[in-house]
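>
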Amino acid sequence: MVKKVLSILAWIVTAGGLIALFVAARENYLDTPVRSVNLSIERSTDSGFVKSKAVLADIGTLSNNAKIGTVNMEGIRKQLKANPWIESSSTYIDLDAIMNVSIKEYEPVMRIFDKDGTSAYVTAEGILLPTSMGYTPHVLIASGNYTFDNEHLGRQLCDTIEADRNILNTLKVLEAIERNESLKNSIGQLYCNARNEFEIVAKGIPSRIVLGSTDNLDDKLRRLEIFINQKAGSAELSGFKKIDLQYKNQIVCTKR
1 MVKKVLSILA WIVTAGGLIA LFVAARENYL DTPVRSVNLS IERSTDSGFV
51 KSKAVLADIG TLSNNAKIGT VNMEGIRKQL KANPWIESSS TYIDLDAIMN
101 VSIKEYEPVM RIFDKDGTSA YVTAEGILLP TSMGYTPHVL IASGNYTFDN
151 EHLGRQLCDT IEADRNILNT LKVLEAIERN ESLKNSIGQL YCNARNEFEI
201 VAKGIPSRIV LGSTDNLDDK LRRLEIFINQ KAGSAELSGF KKIDLQYKNQ
251 IVCTKR
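Just so we're aligned: 201 in my numbering is position 201 of the sequence shown, and the numbers increase by one with no gaps anywhere.
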């Protein structure tokens, strides 16, 4: 009986000692100054909207001996979340007192100019991003019958809004262009007219190329590809004012 009591007491003392050591280690950790900030940005290009210096400045004086226990981690996360070009982020301080900040940046696939000349970028998922004075990605340009404001920026578009539907339909056109290996590097610009129909501008072709609606896009682009290949090197190609792909199984051309 005495041995059992002594054994229980020994376990209690050991557990108490471990708890005391844990509390002391935790207090020591929280009282340790942050040594540095390790920032990583995930994106497909070397540069982008998110600038390392700006992020470090937003985080504040963490690299200037701020104690771990005084760092407002939730405030930092909210600050990063408020950045319209950041898709997601994670932040933690490791046992070496180094703050690790990982950021995933949105990747735009197109720049859209509305009827008033205001522009915004859009991702493949249909999220509008503001432009930046510090970075201009090389993406397809679309202009014409679009309407958006600051309330649209940084959120996913809703297809119940007519203006947004035009942008979503433009993304469908872009996806079809990307599927056509022959044409995707030749299309320089998209235009959405007042009837919400689409036109494209191809490099080296002065004609208006009319796609119309988003119906049968792959077929329309395939016919355009065949047409361009047949007329390549011919002066006839530059003599057309309009190349219309809206009609089934045919291309209607209007001469200048």
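We put the beta carbon where it would ideally sit given N, CA and C, even for glycine.
#1: On the DSSP letters alone, give me the boundaries of the beta strand (DSSP E) that residue 140 sits inside.
#2: May I have the straight-line CA-CA distance separating residue 48 from residue 135, to the nearest angstrom?
#3: So the candidates are 215, 145, 116 and 90; which of them puts its Cα closest to the Cα of residue 193?
#4: Span of the beta strand (DSSP E) holding residue 111?
#5: Check whether the Cβ of residue 107 lies closer than 9 Å to any Cβ atom in chain D.
#6: Taking the alpha carbon of residue 239 as the reference point, which residue from 54, 138 and 253 has its own alpha carbon closest?
#7: Do you know offhand how far residue 227's Cα is from residue 213's?
#8: Just tell me which of 141, 209 and 81 has its CA closest to the CA of residue 117.
#9: Does the contact criterion of 3 or more C-beta pairs under 8 Å hold for the region 96-112 versus the region 123-138?
#10: Report the partner residues of residue 123 according to the DSSP bridge assignment.
#11: From which residue to which residue does the beta strand (DSSP E) around residue 117 run?
#12: Helix or strand or just coil, what does DSSP make of residue 23?
#13: For residue 208, which option in 102, 237 and 78 has the closest C-alpha, if you only look at C-alpha atoms?
#14: Whose C-alpha, out of 206, 223, 221 and 216, is nearest the C-alpha of residue 255?
#15: Do residue 215 and residue 179 have their beta-carbon atoms positioned less than 9 Å apart in this structure?
#16: Residue 95 to residue 130, Cα distance in whole Å?
#17: Roughly how many angstroms separate the alpha carbons of residue 53 and residue 89, rounded to a whole number?
#18: Would you list the residues sitting across from residue 93 in a DSSP beta bridge?
#19: Distance, Cα to Cα, residue 122 vs residue 174?
#20: Once the 5 residues before and after residue 91 are set aside, which same chain residues still bring their CB inside 8 Å of it?
#21: Going by alpha carbons, who is nearest to residue 220 out of 177, 231, 189 and 126?
#22: Answer with buried or exposed for residue 45, where buried requires no fewer than 16 other C-beta atoms within 10 angstroms of its C-beta.
#23: Are the Cβ atoms of residue 126 and residue 190 separated by less than 9 Å?
#24: What residue from 84, 83, 71 and 104 has the CA that sits closest to residue 42's CA?
#25: Am I right that residue 86 and residue 68 are in contact with their C-beta atoms under 8 Å? What's the rounded C-beta distance?
Based on what the coordinates show:
#1: The count along the sequence shown starts at 1 and reaches residue 140 at position 140. First-last of the beta strand (DSSP E) with residue 140: 140-144.
#2: The count along the sequence shown starts at 1 and reaches residue 48 at position 48. The count along the sequence shown starts at 1 and reaches residue 135 at position 135. Going by the C-alpha atoms only, they are around 6 Å apart.
#3: For the purposes of this step, residue 193 is taken as residue 193 along the sequence shown, with counting starting at 1. When each option's Cα is compared against that of residue 193, the closest is 145.
#4: Reading the sequence shown from its first residue, position 111 is the one you call residue 111. Per DSSP, residue 111 belongs to the beta strand (DSSP E) from 108-113.
#5: In the structure shown, chain D does not exist; there is a single protein chain.
#6: Position 239 of the sequence shown, counted from the first residue, corresponds to residue 239. Looking at the Cα atoms, 253 is the closest of the given residues.
#7: Along the sequence shown, one-based indexing puts residue 227 at 227. Along the sequence shown, one-based indexing puts residue 213 at 213. Answer to the nearest angstrom: the Cα atoms are 20 Å apart.
#8: Position 117 of the sequence shown, counting from 1, holds the residue named residue 117. It is 141 whose Cα lies nearest to the Cα of residue 117.
#9: yes
#10: Numbered from its first residue, the sequence shown carries residue 123 at position 123. Paired residues: 108.
#11: If you number the sequence shown from 1, residue 117 lands on position 117. Here residue 117 belongs to no beta strand (DSSP E), and DSSP marks it neither H nor E.
#12: On the sequence shown, position 23 is the one that residue 23 refers to. Confidence is the limiting factor: at residue 23 the pLDDT is only 46, short of 50, which leaves the residue's position unreliable and the question unanswerable from this model.
#13: Along the sequence shown, one-based indexing puts residue 208 at 208. Ranking 102, 237 and 78 by Cα distance to residue 208 puts 237 first.
#14: Counting from one through the sequence shown, the residue named residue 255 turns up at place 255. When only C-alpha atoms are compared, the closest one is 206.
#15: One-based indexing of the sequence shown puts residue 179 at position 179. One-based indexing of the sequence shown puts residue 215 at position 215. Cβ distance not < 9 Å, so residue 179 and residue 215 don't count as in contact.
#16: Here residue 95 is taken as the residue at index 95 of the sequence shown, counted from 1. Here residue 130 is taken as the residue at index 130 of the sequence shown, counted from 1. Each residue's Cα considered, the two are about 37 Å apart.
#17: Here residue 53 corresponds to residue number 53 of the sequence shown, with the count starting at 1. Here residue 89 corresponds to residue number 89 of the sequence shown, with the count starting at 1. Cα to Cα, residue 53 sits roughly 16 Å from residue 89.
#18: Looking up residue 93 in the sequence shown gives position 93. Partner(s): 99.
#19: Your numbering for residue 122 matches position 122 in the sequence shown. Your numbering for residue 174 matches position 174 in the sequence shown. Straight-line Cα distance between these residues: approximately 11 Å.
#20: Position 91 of the sequence shown, counting from 1, holds the residue named residue 91. Answer for residue 91: 73, 76, 77, 80, 99, 100, 101 and 102, listed in chain order.
#21: What you label residue 220 is simply residue 220 of the sequence shown in a count that begins at 1. The option with the nearest alpha carbon to residue 220 is 177.
#22: The count along the sequence shown starts at 1 and reaches residue 45 at position 45. Flag for residue 45 reads exposed.
#23: Counting from 1 along the sequence shown, the entry for residue 126 is found at position 126. Counting from 1 along the sequence shown, the entry for residue 190 is found at position 190. No, the Cβ-Cβ distance between residue 126 and residue 190 is not below 9 Å.
#24: Here residue 42 corresponds to residue number 42 of the sequence shown, with the count starting at 1. Nearest of 84, 83, 71 and 104 to residue 42, Cα basis: 104.
#25: As a position in the sequence shown, residue 86 is number 86, starting the count at 1. As a position in the sequence shown, residue 68 is number 68, starting the count at 1. No, residue 86 and residue 68 are not in contact; Cβ-Cβ is about 24 Å, not under 8 Å.
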